[in-house]
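In the working numbering, the protein residues as written are 53 to 638.
Cβ coordinates follow ideal geometry from the N, Cα and C atoms, glycine included.
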Amino acid sequence: ISPEGDRVLFGRGGDLHVHDVEAGRTTRLTWTTAESVSNGRATWSPDGNRIAFVQSDASGVRMRSMLVPTDPSYPELREVRFARVGETITKLRVGVVDARGTEVRWISIPSPNEGFYLGQVSWAGNSEELLVEQFSRFRDERDFFIANVSTGEVTRIYYESDPAWVIASYRLNAGLEWLRGGDSFLFLTEKDGWRHSYVYSRGGREERLLTPGPSDVMERGPVDEREGDDDGGWFYFFASPDNATQRYLYRVRLDGSEPPERVTPEDQPGTHFYDFSPGLRWAFHTYSTFDTPPVTALVSLPDHRVVRVLEDNAEVRRRAEATVSHPTEFLQLDIGDGVEMDAWMIKPRDFDPSRQYPVFLYVYGEPHGQTVLDRWSTRNNYHRAIADLGYLVVSIENRGTPAPKGAAWRRAPFPTIGVQSTEEHAAGVREMGRMLPYVDLSRVGIWGWSGGGSNTLNSLFRRPDVYHVGIAVVPKPQPHLYNAWFQEIYMETLETNPEGYRVSAPINYAEGLEGDLLIIHGTGETNTHLEIVEGLVDRLVKLGKTFDYMTYPNRNHGLSEGEGTALHVRMLMVRYLLEHLPAGPK
53 ISPEGDRVLF GRGGDLHVHD VEAGRTTRLT WTTAESVSNG RATWSPDGNR IAFVQSDASG
113 VRMRSMLVPT DPSYPELREV RFARVGETIT KLRVGVVDAR GTEVRWISIP SPNEGFYLGQ
173 VSWAGNSEEL LVEQFSRFRD ERDFFIANVS TGEVTRIYYE SDPAWVIASY RLNAGLEWLR
233 GGDSFLFLTE KDGWRHSYVY SRGGREERLL TPGPSDVMER GPVDEREGDD DGGWFYFFAS
293 PDNATQRYLY RVRLDGSEPP ERVTPEDQPG THFYDFSPGL RWAFHTYSTF DTPPVTALVS
353 LPDHRVVRVL EDNAEVRRRA EATVSHPTEF LQLDIGDGVE MDAWMIKPRD FDPSRQYPVF
413 LYVYGEPHGQ TVLDRWSTRN NYHRAIADLG YLVVSIENRG TPAPKGAAWR RAPFPTIGVQ
473 STEEHAAGVR EMGRMLPYVD LSRVGIWGWS GGGSNTLNSL FRRPDVYHVG IAVVPKPQPH
533 LYNAWFQEIY METLETNPEG YRVSAPINYA EGLEGDLLII HGTGETNTHL EIVEGLVDRL
593 VKLGKTFDYM TYPNRNHGLS EGEGTALHVR MLMVRYLLEH LPAGPK
């Protein structure tokens, strides 16, 4: 919607259009003729006269063929563009078009030959200048430019680099936000070893640290700039300095004159989310823990007074009381060398601490997600059901996950994925066995989805002394065949990092398989393509290994298409676990 509210901007067929509501007229703003070119990510200028957008040109990206199951007798072949590791990636450029569609101007920013990615593209506090955030192909460099739309002049206002990777703004709402009408800006960076918030002058010459100390800003929240107030307002953000499994709302003065203060009540340990109102007087607050379903209430800010409970989930809570037979236990596992990992454990309903139980470990272990979180999740209910069969269901947070434990924690595995996590999970299981006499280390299973499936393969192949059963769901055993956008952040390319790719690939360690392995995949995968997994299947067959392999026709990465699929996948896992890692204490 335009700033005046009289026009609607929309995309159709790869081009941008504006519809004048009062006149009932639609104007086409951009004209593309190639299917490989599209225009999007469009934003109005504050005065409503211009529109900034990003043009994507994928003409250099190679095509990948896939079968489309229309008629089962004669399936169609469809080609889609897909950039694998080391291949040509989509070319990007920033344009500005007159809202009447009469003129397009292209912003000329420095463009590395190997390609780049664009983060934030927005108006720079006025209608004459654009802010452009640019990342290098490997995401190890980050630039902020200001471009004058009329003159074409481009000025760099901030630059940072990291031997591994810099913060990615799309992940954490970490992009730049203008303050005081564009005189200064606020953003997140990990340049000092922690994810901190800084305020910079418009030209980037003066900086002010708002969130000092050895703790991370987990996510940026809104800014409350109070006109006429000497302190200049507040910056809201999410953090949990003392417990990486939880999440709370904090705020700090924009002038940095006082330390941050916690807004979330101290008597509510767990995970908190907020949906803020314009003006920041109110927020929808949702709070949960691992064992407690979420409650959503309208609260006032900053006093956090509950105005009205909107959803108490009373029925879900009643049912949860019946399924949560024991409070989930959160642990800290010290595996030496200064590494302490968070973990949780779900015990069976009839748990007897004098006996030993088999362990079933749930893993992810890659940079895009945590598994050890003190928040309600339906996946936890599945794990509770498994635990009640007679297992200790556990999860361990290795280094390399996005836990708020500092940049060194998150970048520790670079330039590999799966090597360090495999060893740390194994060490964590061993430490758990040392700490807790009811852990049976002679009966250990492991499972994971996507990156967790890859970690499952690595664990079963590399550490047969620890794991006896593994279930790998939609894994990527050949990382060099994965997409460039994700894999190159953490491992660069096969050309620049051949050893990293060799040691990270589960397929290269398949000869180590001794236990029972079930691989689950979908033939309609658009993420971890079927051929990535079938290469491992061929390798295991060649090695004469015994394993089980289940494919779901035409299902994608979530294995959710088709009635009954989700339940079937999970029942398959339970049956396999019971057959190969019998439940119950000894």
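Residue from the options with nearest C-alpha to residue i
i, options, result
"MET393", "LEU385, PRO465, SER502", "LEU385"
"ILE53", "ARG64, ASP72, GLY65", "ASP72"
"VAL376", "ARG80, LEU383, ASP58, SER429", "SER429"
"ARG59", "ASP67, ALA75, GLY65", "ALA75"
"ALA618", "LEU261, TYR434, SER352", "TYR434"
"PRO558", "VAL593, LEU570, GLY576, PHE513", "PHE513"
"ASP214", "TYR288, ARG427, ASP192, MET543", "ASP192"
"HIS532", "HIS520, GLU551, GLY522, VAL521", "GLU551"
Secondary structure of residue i, DSSP reduced to three states
i, result
"TRP83", "coil"
"HIS620", "helix"
"GLU563", "helix"
"GLN23", "The structure shown does not extend to residue 23, since the chain is modelled only from 53 through 638, so no value can be given for it."
"PHE168", "strand"
"GLY92", "strand"
"LEU425", "coil"
"VAL148", "strand"
"GLY273", "strand"
"LEU629", "helix"
"PHE62", "strand"
"SER163", "coil"
"ARG232", "helix"
"ARG607", "coil"
"GLU392", "strand"
"GLU19", "No statement about residue 19 is possible, as the shown extent of the chain runs from 53 to 638 and does not include it."
"LEU262", "coil"
"ARG278", "coil"
"VAL518", "coil"
Enclosing beta strand (DSSP E) for residue i [first to last residue]
i, result
"LYS457", "Element bounds for LYS457: n/a, residue is neither H nor E."
"ASN200", "193-200"
"LEU569", "568-574"
"PRO529", "It is not in any beta strand (DSSP E) - PRO529 carries neither H nor E in the DSSP assignment."
"ILE498", "491-501"
"PRO410", "409-415"
Residues near residue i by beta carbon distance below 8 Å, same chain, minus five either side
i, result
"VAL113", "SER88, ARG133, PHE134, ALA135, GLU139, THR140, ILE141, THR142"
"GLU205", "ALA199"
Residue span of the alpha helix (DSSP H) that contains residue i, given as start and end
i, result
"PHE599", "Run containing PHE599: none; DSSP gives neither H nor E here."
"GLU475", "471-487"
"LEU306", "Here LEU306 belongs to no alpha helix (DSSP H), and DSSP marks it neither H nor E."
"HIS356", "Run containing HIS356: none; DSSP gives neither H nor E here."
"ILE438", "430-439"
"ILE584", "582-594"
Within-8 Å CB hit, residue i to chain D
i, result
"GLU373", "Among the chains of the structure shown, chain D does not appear; only one protein chain is present."
Beta-carbon proximity list for residue i, same chain, < 6 Å, skipping 5 on both sides
i, result
"ASN225", "GLU271, ARG272"
"LYS457", "ALA296"
"ARG360", "LEU350"
"GLY63", "GLY92"
"SER78", "Note that residue 78 is Thr in the sequence shown here, rather than Ser. Counting only Cβ-Cβ distances below 6 Å, and skipping sequence neighbours, we find HIS69, HIS71."
"GLY280", "Note on GLY280: pLDDT 47, under 50, position unreliable in the model; the coordinate value appears next. Nothing meets the Cβ criterion."
"ALA459", "GLU242, GLY245"
Buried versus exposed call for residue i [16 or more other C-beta atoms within 10 Å across all chains shown]
i, result
"PRO465", "buried"
"GLU373", "exposed"
"ALA366", "exposed"
"THR545", "buried"
"ASP195", "buried"
"GLU449", "buried"
"SER249", "buried"
"ASN416", "Residue identity check: residue 416 is Tyr in the sequence provided, not Asn. Looking at its Cβ environment, which holds 16 or more other Cβ atoms inside 10 Å, TYR416 is buried."
"TYR211", "exposed"
"ARG247", "buried"
"HIS420", "exposed"
Same chain only: Cβ atoms within 7 Å of residue i, ignoring 5 sequence neighbours per side
i, result
"GLY285", "VAL275, ASP276, GLU277, ARG278, LEU306"
"ASN432", "PHE342"
"GLN422", "GLU449, THR453, PRO454, ALA455"
Cβ-heavy atom distance, residue i to the ligand COA, below 7 Å
i, result
"SER494", "For the structure depicted, the ligand COA is absent and the ligand set is empty, with no information on it obtainable."
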